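Under this note's numbering, the first residue of the sequence shown carries the number 772, and numbering increases by one thereafter. Glycine included, each C-beta is placed from N, C-alpha and C at the ideal position. Since the structure is predicted, the reported quantities are computational estimates derived from the model, not experimental observations. Heads up: the structure comes next, in structure tokens.
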Amino acid sequence: MKQFEVYRNIRKRAMIMGLSISLFALMMVAAIGSLLIIIFSFHFGVIVCLLLFNALLYGALLQWVKKPFQFKVVQTFPKTISLKQLNPFDYV
772 MKQFEVYRNI RKRAMIMGLS ISLFALMMVA AIGSLLIIIF SFHFGVIVCL LLFNALLYGA
832 LLQWVKKPFQ FKVVQTFPKT ISLKQLNPFD YV
């Protein structure tokens with residue numbers, strides 16, 4: 772019998788220009804912000820810097836997709852929970 776994958780899982784793996792949907796949205800926000808800066812500034816240096824920034828951001832996001840950064844999960848809570856007060860003084 773043929774099994775079909777859940778639609779939600781298909782959306783998680785969707786790629787646009789090699790980026791996931793959330794990273795593509797980040798890239799588009801940066802591009803729109805750059806366009807706004809270019810519109811309101813008429814310096815050639817600013818235009819070149821913004822184009823270089825967008826190209827570097829796209830390259831960095833592509834590298835991040837290939838080798839995602841692994842977060843190390845540190846144990847936050849202790850193994851046992853006690854009501855004993857932890858202080859250096861002994862009140863006997």
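Distance between residue j and residue i (C-alpha atoms, nearest Å)
| i | j | result |
| --- | --- | --- |
| I792 | G816 | 31 Å |
| K838 | A785 | 17 Å |
| M799 | S853 | 50 Å |
DSSP three-state assignment for residue i, whether helix, strand or coil
| i | result |
| --- | --- |
| S791 | strand |
| L822 | helix |
| S805 | helix |
Counterpart residues of residue i in DSSP-defined beta bridges
| i | result |
| --- | --- |
| M786 | S791 |
Cβ neighbours of residue i in the same chain (closer than 8 Å, five flanking residues each side left out)
| i | result |
| --- | --- |
| I809 | V817, I818, L821 |
| T801 | Correcting the residue type first, residue 801 is Ala in the shown sequence and not Thr. Excluding sequence neighbours, A801 sits near F824, N825, L828. |
Option in the options with minimal Cα separation from residue i
| i | options | result |
| --- | --- | --- |
| L828 | F795, I852, K773 | F795 |
| L832 | Q774, I787, K773 | I787 |
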